[in-house]
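Q:
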Amino acid sequence: MGLIEGQVAIVTGAANEVTRGIALRFAREGAKVVLVDKDHEAAQAAAHPIPGAEARSADLSDPEAARALADAVVGAHGRIDIMLNGAHAALKWDRLADRQAAPDFTAAFNDVLLSALNMMQAVYPHMKAAGGGRIVNLGSIYGPTANEGVTDAVTMDFALTGLTRSAGVEWGKDGILVNFLQPAVPDIAVFADYRAKKGKSVDTLIANMAMPRLADPVEDVGGAAMFLVSDEACFILGHRVLADGGQHLTAAVFEPGAQR
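Under numbering that gives the first Met the number 0, the residue at position 70 of the sequence shown is numbered 69, and the numbers go up by one with no gaps.
#1: Which of the three DSSP states is assigned to Asn-178 in this structure?
#2: Would you say Phe-104 touches the ligand MN, meaning its beta carbon is less than 8 Å from a heavy atom?
#3: When the Cβ atoms of the region 65-82 are set against those of the region 24-35, are three or more pairs found closer than 8 Å?
#4: Assign Gly-74 to buried or exposed, taking buried as 16 or more other Cβ atoms, counted over all protein chains shown, within 10 Å of its Cβ.
#5: Going by DSSP, what residue range makes up the beta strand (DSSP E) through Met-119?
#6: Taking contact to mean 3 or more Cβ pairs, one atom from each stretch, closer than 8 Å, check whether the region 108-122 and the region 64-74 are in contact.
#7: Do three or more CB pairs link the region 175-183 to the region 228-244 at distances below 8 Å?
#8: If we ignore side chains and look at the alpha-carbon of each, how far apart do Asn-15 and Met-126 end up?
#9: If you follow the alpha helix (DSSP H) that Gln-21 is part of, which residue opens it and which one closes it?
#10: When you compare only the Cα positions, how much space is there between Thr-144 and Ser-114?
#11: For Arg-212, does the count of other Cβ atoms within 10 angstroms reach 16, so buried, or fall short, so exposed?
#12: Is the CB-CB distance between Phe-179 and Gly-245 below 9 Å?
#13: Based on DSSP bridge pairs, tell me the residues matched to Ala-214.
#14: For Glu-53, which option in Val-168, Glu-63 and Phe-25 has the closest C-alpha, if you only look at C-alpha atoms?
#15: Would you give the residue range spanned by the beta strand (DSSP E) that Ala-54 belongs to?
#16: Could you spell out where the beta strand (DSSP E) holding Ala-8 opens and where it closes?
#17: Just curious, the alpha helix (DSSP H) that Ala-242 is in, first and last residue?
#18: Nearest-angstrom Cα distance between Asp-278 and Thr-203?
#19: Beta-carbon separation of Arg-133 and Val-228 under 9 Å?
#20: Count the other C-beta atoms from every protein chain shown that fall within 10 angstroms of the C-beta of Val-17, then say buried if there are 16 or more, exposed otherwise.
#21: Quick check: what's the CA-CA separation for Gly-222 versus Lys-37?
#22: Take Gly-85 and list the residues in its own chain whose beta-carbon comes closer than 8 Å to its own, dropping the five residues that flank it on each side.
#23: Beta strand (DSSP E) containing Met-208: first to last residue?
#24: Would you tell me roughly how many angstroms separate the C-alpha atoms of Glu-63 and Val-122, rounded to the nearest one?
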């Protein structure tokens, strides 16, 4: 029997390879996974290789859409045990002085922070009625390291930290444990493209990391997420958890100005 056998997990940001890895790990441990994305085709593609997974589409920056999604999942499956907010700001690697800040920040705010807030509020009454639940907000290593060229991600990470802590204070008494997971740079296609452009400079940075490799979305990031939603983490609340192989210790950064 898996660690979360029979539980129902909503995972948003299904187009992201990291969230797909987490969803696969949840499914391996016995959960019914509902993958959500604004793009229905992306949600379907993410759900297809995951046993028993279900795909749904919604614009979660709309609170009514978030509530409708939560209600639909409860209507179909009777419960929501786990909420993984996995939507990410698109990394553009532009320096702050060189970008159109207002449109970029508006998009990041809607896709990341507002979507997470709306889904947390949407699942709250269902989790409270059930006697508890687990919420994990997913960020990135760029919050702790505040790297160049990733202002949106850094800003959203700090905002999600505040949201996580505030929810922890208010919802802990209801048995709802809210935590914030910040993984290292993952071994995914987007980073592979960046690595191909930057070449040896990236290889050198990886070699100098405390654990000199990229994160595996299923085993490394998914494993950390799995721990946070399991009974093994029953007394962990309001924490910022780094699943980064010690990347923050050596401050290895990946930035747009790196040269070959």
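Yeah, the Cβ is synthetic: ideal placement off N, Cα and C, and Gly gets one too.
A: On the basis of the coordinates in this document:
#1: Strand at Asn-178.
#2: Among the ligands in the structure shown, none appear at all, so the ligand MN cannot be discussed.
#3: Flag = yes, the region 65-82 and the region 24-35 touch.
#4: It is exposed - the Cβ of Gly-74 has fewer than 16 other Cβ atoms within 10 Å.
#5: Where Met-119 is concerned, there is no enclosing beta strand (DSSP E), although the alpha helix (DSSP H) it sits in stretches over 114-129.
#6: The region 108-122 is in contact with the region 64-74.
#7: These segments touch.
#8: The alpha-carbon atoms of Asn-15 and Met-126 are separated by roughly 26 Å.
#9: Looking at the sequence itself, residue 21 is Ile, so the reference to Gln does not match. 16-27 is the span of the alpha helix (DSSP H), which, as asked, contains Ile-21.
#10: Taking the CA atoms as reference points, Thr-144 sits about 24 Å from Ser-114.
#11: That one is exposed.
#12: Their beta carbons are not under 9 Å apart, which means Phe-179 does not touch Gly-245 by this criterion.
#13: According to DSSP, which records beta bridges pairwise, Ala-214 is partnered with Pro-185.
#14: Looking at Val-168, Glu-63 and Phe-25, the one whose alpha-carbon comes closest to that of Glu-53 is Phe-25.
#15: It spans 53-56 - the beta strand (DSSP E) in which Ala-54 sits, taken as one unbroken run.
#16: Taken as a continuous stretch (DSSP letters only), the beta strand (DSSP E) holding Ala-8 covers 7-11.
#17: No alpha helix (DSSP H) holds Ala-242; the beta strand (DSSP E) holding it covers 239-242.
#18: In the structure displayed, the chain extends from 0 to 259; residue 278 sits before or after that span and is not available.
#19: Less than 9 Å separates the beta-carbon of Arg-133 from that of Val-228.
#20: So Val-17 counts as buried.
#21: Cα atoms of Gly-222 and Lys-37: separation of roughly 26 Å, rounded to the nearest angstrom.
#22: Answer for Gly-85: Val-10, Thr-11, Gly-12, Ala-13, Asn-15, Val-17, Thr-18, Ile-21 and Leu-137, listed in chain order.
#23: Where Met-208 is concerned, there is no enclosing beta strand (DSSP E), given that its DSSP letter is neither H nor E.
#24: The straight-line gap from Cα to Cα measures roughly 12 Å.
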